[in-house]
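In the numbering used here, the protein residues as written are 5 to 299.
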């Protein structure tokens, strides 16, 4: 930027390498012995970078035009870039894309001699991303895709082999009970891209699912509590039974001679055994006497 004053009443300002950032309103200000004065109206300068516009051709292709609001010298030539690399053999401000598949990519342009001042790139939509947000009884699906020019969005519902259009904005609101497979489509003048299928479950069904899970947890806790109570009860009954069999704690059992072995029975058994042994000895003595008499 340079200020020039050719005479006392002729002042001018020159801006070199004009940029979009130079867009603003400029005012003239001068100083006198009585103070300073500023022109309130000023001059508004609008500067735009190089930009690319996209249009369709009669053959089904795309036409890209590189332009600027600035007046350029006629002999200036243009440089086109595809995915950051120069497109050779193209030096005018128009570029034709005949095959959207072969020619797919990101395009920008610049004026030769000012290669650093490239236009913003234009490109078709990238893979859209889908997000889900639950709000009360509704579910909101949002579709976002990176593209330039900006994309328009449409939503579709898939049922079997049929695809049904259900929305024409980036956001789709579903009410309770609306479930199934949905996907969105992002589209601009350079192409389109579909998102992956998105499975939705209504807030109503989700609430039922959570309620069922809660009931299952409560039932499980009740079952565990009943099991522990029964186990404790059985243990208490077993302890009571064992204690009831202790003679020291049961006077009747202690006095019931049928339940224990008496010392008398034991002695009687010993006496009987000795009696049997004495009888055998007597028999042997009788036999020996008989043998002696025979001799």
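Backbone N, C-alpha and C fix where the C-beta goes; we use that ideal spot for every residue, glycine too.
Which value, in whole angstroms, describes the spacing of the CA atoms of residue 63 and residue 32? By 1-based counting over the chain shown, the position of residue 63 is 59. By 1-based counting over the chain shown, the position of residue 32 is 28. Distance between the alpha carbons of residue 63 and residue 32 is about 53 Å.
Quiz prompt | Rounded C-alpha distance that separates residue 46 from residue 14 | solution = Locating residue 46 in the chain shown gives position 42, where the first residue counts as 1. Locating residue 14 in the chain shown gives position 10, where the first residue counts as 1. Going from the Cα of residue 46 to the Cα of residue 14 covers about 16 Å.
Discussion item. Can you confirm whether residue 30, when its beta carbon is compared against all beta carbons of chain B, has any partner nearer than 7 Å?
Written reply: Among the chains in the structure shown there is no chain B, since it carries only a single protein chain.
In whole angstroms, give me the CA-to-CA distance for residue 175 and residue 196. Indexing the chain shown from 1 puts residue 175 at position 171. Indexing the chain shown from 1 puts residue 196 at position 192. Each residue's alpha carbon lies about 17 Å from the other.
Notebook entry, point to check: Does the region 179-186 touch the region 141-151, meaning 3 or more C-beta pairs lie closer than 8 Å?
Noted result: Three or more pairs of CB atoms, one per stretch, sit closer than 8 Å, so the region 141-151 contacts the region 179-186.
_Here's a check: name, in chain order, each residue in its chain whose Cβ is nearer than 6 Å to the Cβ of residue 290, leaving out the five neighbours to either side._
Taking the chain shown and counting its residues from 1, the one referred to as residue 290 is at position 286. With a pLDDT of 47 at residue 290, under the threshold of 50, the modelled position of this residue cannot be trusted; read the value that follows with caution. The beta carbon of residue 290 is closer than 6 Å to none in its chain, skipping five residues each way along the sequence.
Could you check whether residue 133 and residue 123 sit closer than 7 Å to each other, using their CB atoms as the reference points? For the purposes of this step, residue 123 is taken as residue 119 along the chain shown, with counting starting at 1. For the purposes of this step, residue 133 is taken as residue 129 along the chain shown, with counting starting at 1. For residue 123 and residue 133, no; Cβs fall outside 7 Å.
| Could you give the distance in angstroms between the alpha-carbon of residue 21 and the alpha-carbon of residue 53? | The count along the chain shown starts at 1 and reaches residue 21 at position 17. The count along the chain shown starts at 1 and reaches residue 53 at position 49. Between residue 21 and residue 53, the C-alpha separation is close to 12 Å.
Residue range of the unbroken beta strand (DSSP E) whose run includes residue 74: Taking the chain shown and counting its residues from 1, one reaches residue 74 at position 70. Unbroken run through residue 74: none, as it is neither H nor E.
Worksheet item: If you follow the beta strand (DSSP E) that residue 55 is part of, which residue opens it and which one closes it?
Response: Position 51 of the chain shown, counted from the first residue, corresponds to residue 55. Residues 55-60.
Close-in-space but distant-in-sequence residues of the same chain around residue 279 (CB under 6 Å, 5 per side omitted): Counted from its first residue, the chain shown places residue 279 at position 275. Unreliable placement is indicated for residue 279, whose pLDDT of 49 sits below 50; the coordinate value is still reported in the next sentence. Answer for residue 279: no residue qualifies.
- Would you grab the beta carbon distance between residue 158 and residue 189 for me? Rounded to a whole angstrom, and I think it's under 8 Å. Numbered from its first residue, the chain shown carries residue 158 at position 154. Numbered from its first residue, the chain shown carries residue 189 at position 185. Yes, residue 158 and residue 189 are in contact; Cβ-Cβ is about 5 Å, under 8 Å.
**OP:** With a floor of 3 residues, list each beta strand (DSSP E) that falls wholly inside the region 162-207, ordered by position along the chain.
**Re:** Fully enclosed beta strand (DSSP E) runs of no fewer than 3 residues occupy 166-171, 175-178, 184-192, 195-198 and 202-204 of the region 162-207, in order along the chain.
Fill in: Buried versus exposed, by CB contacts within 10 Å (16 or more), residue 3
Because the chain spans 5 through 299 in this model, residue 3 falls outside it and cannot be assessed.
- prompt: Applying the criterion that 16 or more other CB atoms from any shown protein chain within 10 Å of the CB defines a buried residue, is residue 66 buried or exposed?
  reply: One-based indexing of the chain shown puts residue 66 at position 62. It counts as buried.
Quick check on residue 199: buried or exposed, where buried means 16 or more other Cβ atoms within 10 Å of its Cβ?
Taking the first residue of the chain shown as 1, we reach residue 199 at position 195. By the 10 Å Cβ count, residue 199 comes out buried.
Take residue 154 and list the residues in its own chain whose beta-carbon comes closer than 8 Å to its own, dropping the five residues that flank it on each side.
For the purposes of this step, residue 154 is taken as the residue at position 150 of the chain shown. 192.
Beta-bridge partners of residue 40, as assigned by DSSP: Taking the chain shown and counting its residues from 1, the one referred to as residue 40 is at position 36. Looking at the DSSP output, residue 40 shares a beta bridge with 35.
DSSP-derived helix/strand/coil call for residue 232: For the purposes of this step, residue 232 is identified with residue 228 of the chain shown, where counting begins at 1. It is helical.
- Going by alpha carbons, who is nearest to residue 129 out of 55, 171, 58 and 148? Translated into positions along the chain shown, residue 129 becomes position 125. Out of 55, 171, 58 and 148, 148 has the C-alpha closest to the C-alpha of residue 129.
Rounded distance between the beta-carbons of residue 116 and residue 81, thought under 8 Å:
In the chain shown, residue 81 corresponds to position 77, counting from 1. In the chain shown, residue 116 corresponds to position 112, counting from 1. Contact flag correct, Cβ pair sits at about 5 Å.
* Asked: What's the call for residue 92, buried or exposed, on a 16-neighbour Cβ count within 10 Å?
  -> Residue numbering aside, residue 92 sits at position 88 when the chain shown is read from its first letter. Label assigned to residue 92: exposed.
Original post:
What residue ranges within the region 75-117 form continuous beta strand (DSSP E) runs of no fewer than 3 residues, ordered along the chain?
Top reply: Runs of beta strand (DSSP E) with 3 or more residues, each lying fully within the region 75-117, are found at 82-86, 98-101 and 111-115, listed in chain order.
Handout entry: Reduced DSSP category for residue 237 - H, G, I as helix; E, B as strand; rest coil
Key = Numbered from 1 along the chain shown, position 233 holds the residue referred to as residue 237. Residue state for residue 237 is assigned as helix, using DSSP reduced to three classes.
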